[in-house]
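Take the sequence shown: its letters are residues 183 to 564, numbered as in the working numbering. Just so you know, even glycine gets a beta-carbon here, dropped at the ideal spot from N, CA and C. Here is the structure we will look at, set down as structure tokens.
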Amino acid sequence: MRILHTATTYAPLLDGVAEVVRHISEGLVRRGHEVHVATRAVASQPAEAIVNRVHVHRFSVGGNLAAGMKGQVREYQEFVRAGRWDLMVNHCLQTWPTDALLECVGSFPWASLLVTHGLSTENQIFREYYRKMPLFIARYSAWVSVSALNEESAYANQHGLNAPTVIRNGVDLQEWNDPLLNLRETWNLRGHPWLISVSNHSHEKRHDWSFQLVERLKGTNAKLTIVGNSHNAEKWQLGRVGIRGGCFYECRMRALASRSVQLKTAIARREVVSAIKEADLLISTSRREANSVVLLESMAAGTPWVSTDVGSARENAGGVVVSSVDKMAEVVLELLRDPDRGRRLGQEGRTRVEERHDWNRIVDSYEQLYEDAVGPPIHGTA
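Take a look at the structure:
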């Protein structure tokens, strides 16, 4: 099959959706399919490239259907129309790679699939957007959600749509068997209880909770490392002159004033893997997730995790779900004082990943879905 995946981010960016699309794309290439990815432009990357045998096409576009889109929207649409695909798969709503094509879905001469990584139906900014969305979703050959606990099923039922197929996210188990890099020594963390947060500098990740958590852990000698990249600011096009968006500057100032928090940006993937494996605990303070890849990676590492109650966190093993920063501090203290419990949780997480979240099996599910969709399309009803 000649397949087009669309997503706002892709390798070398390391956020959750980018990693999901990368694993599916590379897995399908290894099975003999021709896979293309359309994504946003990155200053350090060429507009056209082949990355691990995946054809990557980058466009300078921003925004979404609700806020308006700007940049190379027409060029992107023309690229898609001219592609002669067997199948197109749009990842995420509320993003320009999907929103710029919604009016055409159903009229393309190929099958179209939608993969949603959570919805934002409660956000007033997107109220009108989600009022119209059932008409567009019904035009897709299939709809996939990455978690059974997300709001997609309730939304489908409310609007008379077929419930989405659930295909959970995964991890590359071989990657998590690689040797450690001894980052405790390199990053000056030897002798300290070590917490890690792997999350980009977006306000949705709620890094202010991470700093509050560290304050509540005074006296434990614990250190926190926040591993995450930042995006260029879109407001007033400040990103064009190198201004970062999200919470990057706030976190940098707070880290400079703290003896317990360090920031790591733009580090190699193998360092991210080793850091999660070497840390005592992984924390996730995010206010929104679908099926958090970071929690799955913590499980693959055998590292216990503590997370806010978002997305599919309650489906996972190997950690504890909390509802407040105070409760998070309480649980972290308990786990630091009881390393045996932490080891048991870590093993439970690793076992669950091996059972449910091996990317090889997940790519099997996507490949079967794609092959089914290339046949006669089965539309939902609006």
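For the pair of segments examined, the region 337-347 was found not to touch the region 506-521: the number of CB pairs separated by less than 8 Å stays below three.
Scanning its chain for C-beta atoms nearer than 7 Å, with the 5 sequence neighbours on each side dropped, one finds around R538 the residues R350, in chain order.
Excluding five sequence positions before and after V396, the CB atoms of its chain that fall closer than 6 Å to its own CB belong to L406, S442, V443, given in chain order. By the CB criterion at 7 Å, I458 and S480 fall inside the cutoff. In this structure, the alpha-carbon of N339 lies about 14 Å from that of L317. Of the candidates R523, M183, R263, R263 places its Cα closest to the Cα of A220. Distance check between A225 and each of E216, L247, P194, A461 places P194 closest, using alpha-carbon atoms only.
Out of V475, A483, G245, F430, the CA that lies nearest to the CA of G524 is found in A483. By the Cβ criterion, the region 290-309 is not in contact with the region 222-241, since fewer than three pairs of Cβ atoms, one from each stretch, lie closer than 8 Å.
For the set V203, V556, R496, the Cα lying nearest the Cα of H299 is the one of V203. Counting along the chain, E516 sits inside no beta strand (DSSP E); it lies in the alpha helix (DSSP H) bounded by residues 507-519. One thing to note: R212 has its Cβ no nearer than 7 Å to the Cβ of D268. Residues H218, V219, A220, T221, A229, E230, F261 of the same chain have their beta carbon placed closer than 8 Å to that of H239, with the five preceding and five following residues left out of the count. Annotation for V409: the continuous beta strand (DSSP E) segment containing it runs 405-409. The C-beta distance from A404 to L363 rounds to 21 Å, too long to meet the 8 Å contact threshold. For L395, the enclosing alpha helix (DSSP H) stretches over residues 389-398. In this structure, the alpha-carbon of V326 lies about 17 Å from that of G288.
Contact annotation, N473 with V328: C-beta distance approximately 4 Å; criterion of less than 8 Å satisfied. As the crow flies, the alpha-carbon of N498 is around 28 Å from that of G428. Residue pairing by DSSP places G245 opposite M251 in a beta bridge. The Cβ-Cβ distance between E201 and V475 falls below 7 Å. In this structure, the alpha-carbon of F290 lies about 25 Å from that of E310. Only residues of its own chain outside the window of five on either side were considered, and among them N411 have a CB closer than 8 Å to the CB of A448, listed in chain order. Shown here, M183 sits in coil according to DSSP, grouped into three states, outside any helix or strand. For W376, there is no enclosing alpha helix (DSSP H); the residue is part of the beta strand (DSSP E) that begins and ends at 376-380.
When only Cα atoms are considered, Y337 and V502 end up about 28 Å apart.
Contact between L355 and D540 holds, since their C-beta atoms are separated by about 6 Å, short of 8 Å.
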